[in-house]
Each structure stands twice: as structure tokens, then as C-alpha cells.
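In this note's numbering, the protein residues as written are 172 to 386. The C-beta atom is built at its ideal place from N, Cα and C for all residues, glycine as well. Taking it in order: structure first as C-alpha cells, then the write-up.
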Amino acid sequence: MSCKASLINFFHKLYSFYGEQKWWPADTPFEVAIGAILTQNTNWSNVKKAIDNLKREELLNPQSLKHISIERLSEVIKPSGYYRIKAKRIKAFIDFLFDYYYGNLKIIKEQETNNIRSQLLSIHGIGQETADSILLYAFEKPVFVVDSYTKRVISRHKILNYNSSYKEFQDLFHNELKQDVQLYNEYHALFVRVGKDYCKTKPLCDGCPLSLDRK
DNA sequence: GACCAGGCACATC
DNA sequence: GATGTGCATGGT
């Protein structure tokens, strides 16, 4: 089928239009994981404020987050929105980290990808997109991250229905593209970039590098 | 003031 | 399995 050509073609169009995105914007894998939780249904500019707060308070490390109260954590991450829920989710992640891995992310990375994924999914507040973001951007595993922008673009091009499952979208990319961490890294980041610019009200409208009107 | 943003869990049918 | 709802801030 022509999906292979289409998907890699989309990638090249986006890449030549926007260039390298240099994701994930974080200094450490741990920061990626916390950022992945904070960015759930939230603009990154708000997440950045929360992360800056955590850094300023010297809280952006497993030990500090293990000992901080959930109330205090809520206040620090407030700008990211949904702060009460996200504080619980971060705590659940930290508990997992200390219950099974001595608070050390490096130990997790050595395991098989699907094994890590199911462990992440068992943590309260970590769903498929958050788990896959951590797998790809923190652990550098070749897992394609599907987000709302991805679904909009793919469904607008009538490759899949918008209501298709997460797995169906992910399988599309896994099957049609080579399993390549750098490719998946850049591709997802480019979807987010093009989504921010063009997908708000009129996805793939005039001027968008993936516009339906230009071939 | 309305609308949106790099989701997820939970209730209900 | 599908659908609806609560969660919340800050930018446009």
C-alpha cells in the first residue's frame, strides 16, 4: 500500500519545512518523565513554568520528590494546570521508582521495551501516550508516540478514522516506518509543531506543509 | 469571555 | 467497547 510512501513523505515535508526540533526539551531522562506527566492535555509553556519552579526549588530529582508533601508539590507545579491530579501522578511514578528500582531510572532502561511499557502503564496516571513518550524520549526505545495532532493529520488524510484506537495509529507507524529512535523522535515533534501552527481550528489548511490542497 | 493545550481515570450504559 | 465528564492554568 502507499502508506509507506505517504508517511515517510509526510515526514520529509515536515522536516524540510521546519527542520530539526531537538526534542525532548529536558536535561535528563528523569526530567523527561516528569515533563511527560505535566504536559498531559496542557500547553508546554505552562509545563515549562512548573518545571522551572521545580528546578528553582531543587526538587527535580527522585529523592526530593519522594519526600515532598503532595500539597507542597501541588503548589510548585500549579502553573501546569490540573495540579492536584498531576501531583498525585508524579507521586505514583516516584513510588513506583523507589518500590522497584531504588529510585534509579537507569535500571529500568536495560529491560525489554514491552516489559517497561506494561510497567509504566500500571502506574496510576500514566496512559499510553505518556508511557510511550517516556519510552522514546527518556529511554530511547523505538516507540512511536501518538497524540491528538497525529490523529488529526492522519485522519484528515483519510489514512485512518479519527476514532481508531491508539494501537491502530501506532501500528500504522510501526509497520510502515523503520524502527528508528531518531526518526520517531523527530516525527512526533514535527507533528506537534505543525499542530501548533495549523491544526487548531482548520487542520491542514492553506499554508500548512501537509495541506490537502498541495501535493 | 471563549477557546484551546504534547491525557487520564472513572462512571455509566 | 463506546461515550461523557472532571480535572485547571495561562496564552490568544
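- Per DSSP, the continuous alpha helix (DSSP H) segment holding P233 begins and ends at 233-238.
- In this structure Q211 is buried. Its beta-carbon is surrounded by 16 or more other beta-carbon atoms within 10 angstroms.
- Restricting attention to alpha helix (DSSP H) runs no shorter than 4 residues, the region 246-328 encloses them at 254-272, 276-280, 284-292, 299-304, 319-327, ordered along the chain.
- The residue from E357, R227, T284 with its alpha-carbon nearest to that of I179 is E357.
- With at least 16 other beta carbons inside 10 angstroms of its own, D303 counts as buried.
- When Q282, L381, E283, D266 are compared, the shortest CA-CA separation from K329 is found for L381.
- Between the region 177-195 and the region 268-283, the count of C-beta pairs closer than 8 Å stays below three; the two stretches do not touch.
- In the structure shown, the three-state DSSP call for L331 is coil.
- By the neighbour-count definition (other C-beta atoms within 10 Å, threshold 16), T199 is an exposed residue.
- Between Y253 and Q299, the beta carbon gap of about 18 Å keeps them out of contact (Cβ cut-off 8 Å).
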